[in-house]
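Below is one structure, written out as structure tokens; comments come after it.
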Amino acid sequence: ALLIAALVLPHSARATSEVYLLYRQWQPYSWPQDVPSAREVSRSQRGLGWRRQSASGGWGVDYDYQPLRLRTGDPAHNGHLHRLTVEGQWQHRLYRLEARAGVAGTSNMFKYQTFHRDVVNGRVAVFRALGQGSPLGLGIGGDHRFGSFRWLPRVRWQHTGISGHWLVDLPVMLRWQSTGDRWQFRIARKGDRWATLDQARAVESALYLREWRAELSYRVSSGEGSGPAMVLGIGASVDTRVRYRDLQAGTLDLRLGDALVGSIRLGW
-5 ALLIAALVLP
5 HSARATSEVY
15 LLYRQWQPYS
25 WPQDVPSARE
35 VSRSQRGLGW
45 RRQSASGGWG
55 VDYDYQPLRL
65 RTGDPAHNGH
75 LHRLTVEGQW
85 QHRLYRLEAR
95 AGVAGTSNMF
105 KYQTFHRDVV
115 NGRVAVFRAL
125 GQGSPLGLGI
135 GGDHRFGSFR
145 WLPRVRWQHT
155 GISGHWLVDL
165 PVMLRWQSTG
175 DRWQFRIARK
185 GDRWATLDQA
195 RAVESALYLR
205 EWRAELSYRV
215 SSGEGSGPAM
225 VLGIGASVDT
235 RVRYRDLQAG
245 TLDLRLGDAL
255 VGSIRLGW
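Be aware that the sequence shown starts at -5, since it is given in the numbering used here, and climbs by one per residue.
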């Protein structure tokens, strides 16, 4: 549906597109329980995608691979998390629609093509501005950012002034961009679900990963010359939690804690 909508909507003459590569690395998390054999949890993310942006909205295709290595217990997953999504944002008069749909699961699921229904997921939010040209909009959104899929009321406010561009989307995001888009600061709620299989591909379950992430990024180059656009980021992952099934202990909901995180993004 998102692909069809992107094709039928009129394209703005000012539309821009970008292909990007992303790498993000978290500081290792200490294991949250006092287990003699426990080892720290390592986490990283590799991503690539394509985005198109215009005055009326935008859409894109994104893929990311996220190894989350839990080296304690007997998790019913192999820790190699893959996600492929199509997402879009569209504005029509007073209404704004944000939607994402895709598949997310562990690597053995795609390797052996053994899928179950948790592999398909998505998110959606609909806003209505209080009036024509009003910076304030009210709406509702549903996603996995706080764990299991749930619907929450949303309040969206944006403003552009001499200090830059502000976007507040409660309760999931606050973002500031400097004039010229050189600097950006963002506090956002991140969370999603991945379908999982154990090594024997007999136990079907799901992994939920969520966190609050604060990040300050700087655009080193704009990509106008011969090289790509480059953005460097540094920040913190706060109150990171993971819920998954352990074959011996049952369902675990663990707080991994807080960690520093750094990123590099290249765009063409």
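Glycine included, C-beta positions come from ideal geometry on N, C-alpha and C.
Residue j beta carbon less than 7 Å from that of residue i
i, j, result
"P26", "S36", "no"
"R169", "R183", "no"
"Y14", "G43", "yes"
"W262", "D233", "no"
"M224", "L201", "no"
"G185", "T173", "no"
Candidates the options, of which the one nearest residue i by Cα
i, options, result
"R33", "Y57, D58, G41 and T66", "T66"
"G48", "L62, G73 and Q83", "Note on identity: in this sequence residue 48 is Ser, with Gly being the wrong assignment. Checking every option, the nearest Cα to that of S48 belongs to Q83."
"S50", "E218, Y238 and E92", "E92"
"I258", "G221, L226, R111 and S157", "L226"
"Q171", "Q85, A200, Y202 and I156", "I156"
"V114", "V80, I134 and D175", "V80"
"H76", "G174, P69, R195 and G96", "G96"
"R90", "V118, F109 and Y106", "V118"
"P165", "Q178, R176 and L146", "L146"
"D252", "S220, R204 and S199", "R204"
"S38", "G52, S24, L16 and R45", "L16"
Residue i classed as buried or exposed, judged by whether at least 16 other C-beta atoms fall within 10 angstroms
i, result
"T190", "buried"
"Y238", "buried"
"P69", "buried"
"E218", "exposed"
"Q242", "exposed"
"G60", "For clarity, residue 60 is Gln in the given sequence; the question names Gly instead. Per the 10 Å Cβ criterion, buried."
"A98", "buried"
"S215", "exposed"
"H5", "With a pLDDT of only 47 at H5, under the threshold of 50, the placement of this residue in the model should not be trusted, and no figure is reported."
"D163", "buried"
"S199", "buried"
"A142", "The displayed chain sequence assigns Ser, not Ala, to residue 142. Exposed, because fewer than 16 other Cβ atoms sit within 10 Å of the Cβ of S142."
"R94", "buried"
Length of the line joining the Cα atoms of residue i and residue j
i, j, result
"R87", "W188", "35 Å"
"R63", "G73", "5 Å"
"V236", "H138", "12 Å"
"G116", "R249", "24 Å"
"E12", "Y57", "14 Å"
"L246", "F140", "16 Å"
"G256", "G229", "6 Å"
"A9", "W20", "34 Å"
"L254", "R18", "11 Å"
"I134", "G244", "33 Å"
"L161", "A196", "45 Å"
"G136", "R111", "18 Å"
"P222", "Q107", "36 Å"
"H71", "S220", "43 Å"
"R45", "G52", "7 Å"
"D28", "S231", "22 Å"
"R176", "L78", "29 Å"
"A194", "F109", "14 Å"
"D240", "Q85", "43 Å"
"V120", "M167", "15 Å"
(request) Evaluate the contact criterion for the segment 122 to 137 versus the segment 151 to 158: three or more CB pairs, one atom per stretch, below 8 Å. (result) yes
(request) Determine contact between the segment 95 to 102 and the segment 189 to 207, defined as no fewer than three beta-carbon pairs at a distance below 8 Å. (result) yes
(message) With three or more beta-carbon pairs closer than 8 Å as the criterion, would you say the segment 210 to 222 touches the segment 117 to 126?
(response) no
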